[in-house]
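Step one of this worksheet: look at the structure below.
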Amino acid sequence: MLRRSLELEPNRAIHCDLIEPADTTKTHVGTAAPGCPAEQSSAALDITRTATRIDEVVVTYFAKPHSYTTDDIVEISAHGSPVVLRHIVELSLAQGARLAEPGEFTMRAFLNGRLDLTQAEAVRDLIDAQTLFQAKVAAQQLEGALSNRLKPIKQKLVDLIALLEAGIDFAEDDVSIASDATIRDRIAEVESPLRQLAATFAYGKIVHQGLTLAIVGRPNVGKSSLFNRLVERERAIVTAQPGTTRDLVSETVAIGGIPVELVDTAGIRQAPNDAEAESLGIKKSIEALADADLVLVVIDKSQPRNEEDEELLRQIEARPAIVVENKSDLLGEWNDSNAHVGTAALGCPAEHSSATRTPPIIQTSALTGEGIPALRQAILRHVAGDRTTQQESGFLTNVRHQKLVNDTLASLDDATNAVAARVPHEMLLLDLYRALRPLDEITGATTTDDILNLIFSTFCIGK
Ligand SMILES: Nc1nc2c(ncn2[C@@H]2O[C@H](COP(=O)(O)OP(=O)(O)OP(=O)(O)O)[C@@H](O)[C@H]2O)c(=O)[nH]1
Ligand SMILES: [Mg+2]
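Sequential numbering from 1 applies to the sequence shown in UniProt numbering.
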């Protein structure tokens, strides 16, 4: 029960006491005569004055339409004790309230037209954000960054549809029929920025989902030591005994604002016959290697490379990877006769190019920490990807949006082919409407009225 000294007023917050109403009935029964409302209410007033306070809360009344959902909303903010919060919910339910379904407030905001679909999805991304950068990207989307980028593109498509519709419906009104070249150009004007947007998904997906980085190599090369360096604590066990790590050990860290799940794995080798746990661990290492978005192949720089190293280097060919030559502090013991250039051990960090996929090579000492900042930089370079995309606002982060943009592009391709095949404009329009619908599913529907209005306003028909 809330005890308030002020009346609730629209768009104002007031302090209230949350009081325990448990003894209300006891006092009621004892002091108030049944059927005597005046006495009852004065008794109730006494109780509210004397009742025990559980918490001091703030009650805010958001009068419609100035609320999240645009409905009338009253918010009760308590001090955050889960017990008290549950109590408030239980009291509200007892008074006839019901629990909101998951996402119901945002759904109401969407249904009431306060948010479009991309913004509603951005709310979910904002809540799920694990890093500030992810939150920033979600907030940009909540401000309508993606819709703002899509709307002019979609408008061009709607304009083209209106142009063709006018040519068909009002041919007798002297509306000129667009030439094939004009139509082709105008399709290209829609297609080109849409392709650029589709290309942002490679980076947007990483921003949204983060990525997995597997640390692999043969036993004892220092994988767990590097893993601990990267997570900045002694998370994995390190010993001088080869075969120490038996299971996958993972930890998520933020690199360049992107959550990166680092996975330390068992050293890959031909395990002794009686080492069942190690064999199972190695199987998991190979799976982690296959699943990872980025692989760190660790090599012991103080040892000659052997066939196991070479096999791993072969496996990461044509995959995003970084070769880490660890134990660089022991390089004094390393001589040229140990040098063996493997298939992937070409190039240097400066020569790294994602086009050729030659993995960068970083020398580190997990023991002294030397080279660890360079390793972080190399990981960051991979994570940050295409800088231009990173600077753009309104990129695709969501699989649903990516699929819809690709559907539109496919229909625009069909439309271009239809123009080349000189099919009647009625048929061409079918492709263009098919291209429009997926965009509608991102930014909200285009109605027949939208198109008709455009025809009438732009082409001065039916004056
Ligand atoms: N000198 C030197 N020793 C290192 C370095 N990195 C790791 N070590 C040592 O190498 C040994 C093995 O290190 P780990 O990190 O357990 O190696 P690992 O690759 O995880 O080994 P497994 O789990 O057995 O596959 C330990 O004694 C470490 O202290 C390094 O950069 N320099
Ligand atoms: Mg280990």
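The beta carbon of each residue, even a glycine, is placed where N, CA and C say it ideally should be.
Counting along the chain, where does the alpha helix (DSSP H) carrying Thr265 start and finish?
For the purposes of this step, residue 265 is taken as residue 265 along the sequence shown, with counting starting at 1. No alpha helix (DSSP H) holds Thr265; DSSP gives it neither H nor E.
Any heavy atom of ligand 1 closer than 7 Å to the beta-carbon of Thr239?
Position 239 of the sequence shown, counting from 1, holds the residue named residue 239. Residue side-chain check: Thr239 places its Cβ nearer than 7 Å to a non-hydrogen atom of ligand 1.
Does the Cβ of Ser285 lie closer than 7 Å to at least one heavy atom of ligand 2?
Numbered from its first residue, the sequence shown carries residue 285 at position 285. Within the chosen limit of 7 Å, ligand 2 does not reach the beta carbon of Ser285 with any heavy atom.
Assuming Ala277 is part of the alpha helix (DSSP H), what are its boundary residues?
In the sequence shown, residue 277 corresponds to position 277, counting from 1. In this chain, the alpha helix (DSSP H) harbouring Ala277 covers Glu276 to Asp291.
Just to confirm the assignment: which complete beta strand (DSSP E) runs, minimum length 3, are found wholly within the stretch 203-274?
Qualifying beta strand (DSSP E) stretches, in chain order: 211-217, 249-255 and 258-264.
Buried versus exposed call for Thr368 [16 or more other C-beta atoms within 10 Å across all chains shown]:
Here residue 368 refers to the residue found at position 368 when the sequence shown is read from its first residue. With fewer than 16 Cβ atoms within 10 Å of its Cβ, Thr368 is classed as exposed.
Residues near Glu234 by beta carbon distance below 7 Å, same chain, minus five either side
As a position in the sequence shown, residue 234 is number 234, starting the count at 1. The answer, listed in chain order, is Asn228.
Could you check where the beta strand (DSSP E) with Ser147 kicks off and where it finishes?
Position 147 of the sequence shown, counting from 1, holds the residue named residue 147. Bounds of any beta strand (DSSP E) do not take in Ser147; it lies within the alpha helix (DSSP H) bounded by Ala145 to Asp169.
Return the CA-CA distance between Asp329 and Ile282, expressed in angstroms with no decimal places.
Locating residue 329 in the sequence shown gives position 329, where the first residue counts as 1. Locating residue 282 in the sequence shown gives position 282, where the first residue counts as 1. For Asp329 and Ile282, the gap between their C-alpha atoms comes out near 28 Å.
Apart from the five residues just before and just after Arg434, which ones in its own chain have a Cβ nearer than 7 Å to its Cβ?
For the purposes of this step, residue 434 is taken as residue 434 along the sequence shown, with counting starting at 1. By the criterion of a C-beta distance shorter than 7 Å, Arg434 is surrounded in its chain by Ser411, once the five residues flanking it on both sides are discounted.
How would you call Val89, buried or exposed, if buried means at least 16 neighbouring beta carbons within 10 angstroms?
Within the sequence shown, numbered from 1, the residue matching residue 89 stands at position 89. So Val89 counts as exposed.
So is the beta-carbon of Ser224 under 7 Å away from any non-hydrogen atom of ligand 2?
Numbered from its first residue, the sequence shown carries residue 224 at position 224. Yes.
Could you spell out the range, first to last residue, of the beta strand (DSSP E) harbouring Leu126?
One-based indexing of the sequence shown puts residue 126 at position 126. Where Leu126 is concerned, there is no enclosing beta strand (DSSP E), although the alpha helix (DSSP H) around it starts and stops at Leu117 to Asp128.
On the criterion of 16 or more Cβ atoms from any shown chain inside 10 Å, does Asn417 qualify as buried, or is it exposed?
As a working mapping, residue 417 is identified with position 417 in the sequence shown. By the C-beta density criterion, Asn417 is exposed, having fewer than 16 other C-beta atoms within 10 angstroms.
Kindly list the residues whose CB is nearer than 6 Å to the CB of Asp414, restricted to its own chain and excluding five residues on each side of it in sequence; keep chain order.
Locating residue 414 in the sequence shown gives position 414, where the first residue counts as 1. If the five residues before and after Asp414 are omitted, its C-beta is found closer than 6 Å to the C-beta atoms of Asp431, all from its own chain and listed in chain order.
Are the CB atoms of Thr245 and Gly267 nearer to each other than 8 Å?
Within the sequence shown, numbered from 1, the residue matching residue 245 stands at position 245. Within the sequence shown, numbered from 1, the residue matching residue 267 stands at position 267. In this structure, Gly267 lies closer than 8 Å to Thr245 by Cβ.
So, helix, strand or coil for Gln95, using DSSP?
Position 95 of the sequence shown holds residue 95. Reduced to three states, the DSSP call for Gln95 is coil.
Opposite Asp431 in the DSSP bridges: which residues?
For the purposes of this step, residue 431 is taken as the residue at position 431 of the sequence shown. Paired residue(s): none; Asp431 is not in a bridge.
Presumed contact (8 Å Cβ cut-off) between Tyr61 and Arg12, rounded CB distance:
Here the question's residue 61 lines up with position 61 in the sequence shown. Here the question's residue 12 lines up with position 12 in the sequence shown. Between the beta-carbon of Tyr61 and that of Arg12 there is about 7 Å, and that keeps the pair under the 8 Å contact cut.
Specify, as a first and last residue, the run of the beta strand (DSSP E) that Ala13 falls within.
For this step, residue 13 is matched to residue 13 along the sequence shown. Here the beta strand (DSSP E) through Ala13 covers Arg12 to Ile19.
Suppose the cutoff is 8 Å on Cβ atoms and the five residues either side in sequence are ignored; what does the same chain contact list for Asp247 look like?
Reading the sequence shown from its first residue, position 247 is the one you call residue 247. For Asp247, the CB contacts under 8 Å within the same chain, skipping 5 residues up- and downstream, are Ala266, Gly281 and Lys284 in chain order.
Thinking C-beta only, is Leu380 closer than 8 Å to Ile206?
In the sequence shown, counting from the first residue as 1, residue 206 sits at position 206. In the sequence shown, counting from the first residue as 1, residue 380 sits at position 380. No, they are not a contact pair.
Report whether the distance from the Cβ of Ala271 to the nearest heavy atom of ligand 2 is below 7 Å.
Position 271 of the sequence shown, counted from the first residue, corresponds to residue 271. For Ala271, the shortest C-beta to heavy atom distance toward ligand 2 is 7 Å or greater.
Between the alpha carbons of Glu278 and Val260, how many angstroms are there, rounded?
Position 278 of the sequence shown, counted from the first residue, corresponds to residue 278. Position 260 of the sequence shown, counted from the first residue, corresponds to residue 260. A straight line joining the alpha-carbon of Glu278 with that of Val260 spans about 26 Å.
Collapsed DSSP secondary structure at Ile177 in the structure displayed:
The sequence position of residue 177 within the sequence shown is 177, counting from 1. Here Ile177 sits in coil by DSSP.
Given a threshold of 16 other Cβ atoms within 10 Å of its Cβ, counted over all protein chains shown, does Gly113 qualify as buried or as exposed?
Start at 1 with the first residue of the sequence shown, and residue 113 comes out as number 113. Here Gly113 is exposed. Its C-beta has fewer than 16 other C-beta atoms within 10 Å.
Should Ser279 be counted as a contact of ligand 1 given a C-beta to heavy atom distance under 7 Å?
The residue given as residue 279 occupies position 279 in the sequence shown. No, since every heavy atom of ligand 1 falls outside the 7 Å radius drawn around the Cβ of Ser279.
Count the other CB atoms within 10 Å of the CB of Glu104; is the residue buried (16 or more) or exposed (fewer)?
Against the sequence shown, residue 104 aligns to sequence position 104. Burial state of Glu104 is exposed, judged by a 10 Å Cβ sphere holding fewer than 16 other Cβ atoms.
Relative to ligand 2, is the shortest distance from any of its heavy atoms to the C-beta of Ala288 smaller than 7 Å?
The residue labelled residue 288 in the question sits at position 288 within the sequence shown. Placement of the Cβ of Ala288 at a distance of 7 Å or more from every heavy atom of ligand 2 is found.
Can you pull the DSSP bridge partners for Ser77?
Locating residue 77 in the sequence shown gives position 77, where the first residue counts as 1. DSSP lists Val58 as partners of Ser77.
Nearest candidate by alpha-carbon position, reference Glu20, set Leu150, Pro242 and Val84
The residue labelled residue 20 in the question sits at position 20 within the sequence shown. Comparing Cα positions, the closest option is Val84.
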